[in-house]
Amino acid sequence: MNKIFTLLALIGLLFVSCDSFEGIDRPTSQDKVRVSIKSGSPSSRTSVAENGLTTTWSNEDQIAVWANNGTSNVLNAQPFKLYYSIGTFAEFTTDIAPMGDGNFTYYSVHPVPASVSGTTATFPISKLQKGNFDGKNDILVAYPTTGGALENEDSEVSLTYKHKMHTLRMFVPDDVEGMGEPIRRIDITFPTQVVGNVSVDYTSATTPATLANGSEVVSIEIPEGLSPSSDQARKYAYAIVFPATMNESDQITFTVRSDNYRSVQSFGARTLSEGGSTPVRLTCSPDNRTILRFAIGENFLGEKPIKVTFTAAIGEAVADCATTFDKYGYYDLDVTDLEGLAGQPITVTYESENAIVSQALTLPNYAAGRVTDITLTVPYLLYEDFSTVGDISSNDGYTSGFSTGSKGGVSFLNGWSGGRIGASAGTAIRIACRRETSADYPARVDTAPLSGLKAGANVSVSWTFDYSMDRQEGGLAISMPLLGQYVYLGSTTTQGAIESGTNFYTSGIGGQDGSFPVNFYLNEVGGSYTTISNTYNYVMANCGSTTRLTWLTTNEHKAGATNGTFWLYIDNVKVSIAK
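Our numbering applies: residue 829 is where the sequence shown begins, and numbers increase by one.
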């Protein structure tokens, strides 16, 4: 299909920067023409000017354009990328198919929306923003305008945009002591929701925007820091929020954080007007509280915590995640006058929809009157690297004689058990299925119950482990066909030590304790307690708090083989809730 190269030049309600002359190469193809869309007096856009009030187009800016011929849209949220800007002139460019003859009504928004339904364009406005002015959060809607097709350089269409969001510009005056060091983060708590999914009617610049899935908290991270500045060289940190009407009796609270200190400052609420900008004078000084600031880093549980409990010898503190971690990204535990906790052990318990798991950690040697960051890691539902296992040898060695029958189970590691099992202290475990002349005797190991699951829970779990294999076969060379083994993965609710299993050759998998929905074949040598190089993952359904995960192995059966022992080495078992 032949395409037309179009460029849009926008000015009105947009003040553009002289230093943003960058973009794609100017077209040279003879079958492409340049078309400009112009508009009137200058105002503001997406990167901030030195005065902190007006904003300018930035090189990454894109707009979305619709063109309607009276019956249907010929352009549908067509992205146009900034080609260049100079003075009060900007050009945006894209490739489009020919529009055809006639007049069109043009609509436009900035930035390109995340989704469009009917005439509603929706944009996600993050509750975690950077201190610079981020044009991705600055939503603009153009007033509709009519014009001819964008098909040649004589086409002229003029657009005027209206800002739909409100900007807070925060600064620290140079006549206050402040924090004594640069501000790195500001958490702003409003009495109403101000960020979330913002929707606008792209056909009407005057229709109020709407907000859904919102949050009352906006967090501003300022990696470069915000320090005191003078009127002549004012430095700002910016927050772009949804315009909201608030009662004057309500409060907007600014929790300010530097590298070492915290300060809280509140102001009477005010209406945040559409397209407006409010200066916020931060006269913060350290509150001299001793704060342990907990943030959740990696989450291996597989479910999001809803409550976190911190337990120490002197008592406990409970954090409701909806009002702490989820809302602010952290939880502040005030331990002022409790400096004796420094360096002491605590237990952190995480409760999710289906599980309750705990971990022990030692508090750092924090300093009084400061904020200390602590990153938490939500543990697996079950994790075992066998670093605390002792030596075990229970019917797991090779013998040239007979080793018949189901062998008794051995318990270890507070709830684990195995039949025909071995372990090397602090390293790994192995199970050893056995081949006799006319019988195949399985081996098995069962985890401790998944007791971290709540009573009544029924979930699928993601089960990952490392494994390897070795073998030793007896008899003459003709009777050593280098057999492999089958690894069955399943589960059981039988508690205590479980025997290794009955003759697999006669009873099969159905004769073993448990249910085994999957298996894989393995035939290799060279595995050992210290050489375990393979990884396997399986999602096991219908698990509850009494479920134990099971590995069961049996050797491959071939006529002519005599005795042999086949080892499966296992390490680094990781179990999470699968969502």
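Every residue, glycine too, gets a C-beta built ideally from N, C-alpha and C.
Model, not experiment: these values are computed from the prediction.
| Item | Value |
| --- | --- |
| Here's a check: name, in chain order, each residue in its chain whose Cβ is nearer than 7 Å to the Cβ of Asp1213, leaving out the five neighbours to either side. | Asp1399, Asn1400 |
| Taking the alpha-carbon positions, what's the Asn879 to Ala1123 distance? | Residue placement at Asn879 is flagged as unreliable, the pLDDT there being 48, under the threshold of 50; a coordinate-derived value is accordingly withheld. |
| Measuring straight from C-alpha to C-alpha, what distance separates Ile1174 and Glu1144? | 9 Å |
| Which word fits Glu1076, buried or exposed, when buried means at least 16 other C-beta atoms lie within 10 angstroms of its C-beta? | exposed |
| Does Tyr1316 get closer than 8 Å to chain C when you measure Cβ to Cβ? | Protein chains in the displayed structure number just one, and chain C is not present. |
| Is the region 1226 to 1242 touching the region 1353 to 1361 in the sense that three or more CB pairs, one from each, lie closer than 8 Å? | no |
| Taking 8 Å as the limit between beta carbons, can you name the residues of its chain near Thr1334, skipping five residues before and five after? | Ala1267 |
| Who are the near neighbours of Asn965 in its chain, counting only those whose CB is closer than 6 Å to its CB and skipping five residues on each side? | Ile953, Ile1068 |
| Answer yes or no: do Ser1252 and Asp1298 have a C-beta to C-beta separation smaller than 8 Å? | no |
| Do Val1026 and Phe951 have their C-beta atoms within less than 8 Å of each other? | yes |
| Three Cβ pairs or more, each shorter than 8 Å: is that satisfied between the region 983 to 991 and the region 1052 to 1059? | no |
| Using only CA atoms, which one of Ser913, Tyr1159, Gly959, Pro926 lies nearest to Ser886? | Ser913 |
| Considering only C-alpha positions, which residue in the set Ala970, Ala1040, Thr1200, Ala1170 is nearest to Thr1190? | Ala1170 |
| With DSSP run on the structure shown, which of helix, strand or coil describes Ala877? | At Ala877 the pLDDT is 47, less than 50, meaning the model places this residue with poor confidence; the figure from the coordinates comes in the next sentence. Looking at Ala877 - three-state DSSP - the assignment turns out to be coil, as it is neither helix nor strand. |
| Determine the DSSP secondary structure at Gly1218, reduced to helix, strand or coil. | coil |
| Taking the alpha carbon of Asn897 as the point to measure from, which residue in Thr1205, Leu978, Ser945, Asp889 has its own alpha carbon closest? | Leu978 |
| By the DSSP assignment, the alpha helix (DSSP H) with Thr1334 in it spans what residues? | 1332 to 1335 |
| Please check the pair Ala1183 and Lys1282, which I expect to be a contact at CB under 8 Å, by giving their CB distance rounded to whole angstroms. | 6 Å |
| Near Phe1138, which residues of its chain fall below 7 Å by C-beta distance, leaving aside the five closest residues on each side in sequence? | Glu1144, Ala1145, Leu1161, Ile1174, Val1176 |
| What are the boundary residues of the alpha helix (DSSP H) that includes Asp1002? | Per DSSP, Asp1002 belongs to no alpha helix (DSSP H) and is neither H nor E. |
| Pick from Ala1325, Val1315, Gly1280: whose alpha carbon is nearest that of Ile1337? | Val1315 |
| Determine, using beta carbons only, whether Val937 and Leu968 come nearer to each other than 8 Å. | yes |
| How many angstroms separate the CA atom of Ala1188 from the CA atom of Gly1372? | 24 Å |
| To the nearest angstrom, report how far apart Pro855 and Gln890 are at their CA atoms. | Its pLDDT being 36, under 50, Pro855 is placed unreliably by the model, and the measurement read from it follows with that caveat. Pro855 and Gln890: Cα-Cα distance of roughly 18 Å. |
| Using 8 Å as the Cβ pair cut-off and three pairs as the minimum, do the region 1242 to 1250 and the region 1283 to 1296 touch? | no |
| Do Phe999 and Arg1098 have their C-beta atoms closer together than 8 Å? | no |
| What is the rounded straight-line gap between the Cα of Val1022 and the Cα of Gln957? | 13 Å |
| Alpha helix (DSSP H) containing Phe1153: first to last residue? | 1153 to 1156 |
| Round the Cβ separation of Ser1404 and Tyr1208 to the nearest angstrom and send it over; I've been treating them as touching at under 8 Å. | 6 Å |
| For Ala1037, which residues from the same chain have a beta carbon less than 6 Å from its beta carbon, with the 5 sequence-adjacent residues on both sides left out? | Lys992, Val1026, Val1028 |
| Could you check whether Thr1031 and Tyr934 sit closer than 8 Å to each other, using their CB atoms as the reference points? | no |
| Looking at C-alpha atoms only, which residue of Asn1242, Arg1262, Gly1302, Tyr1194 is the closest neighbour of Ser1222? | Arg1262 |
| Thinking just about the alpha-carbon of each residue, which of Ala925, Val1084, Leu1377, Leu903 is nearest to the one in Asp1274? | Leu1377 |
| For a minimum of 4 consecutive residues, which ranges assigned as the alpha helix (DSSP H) are wholly contained in the region 901 to 979? | none |
| Please report the distance separating the alpha-carbon of Ala1033 from that of Glu888. | 23 Å |
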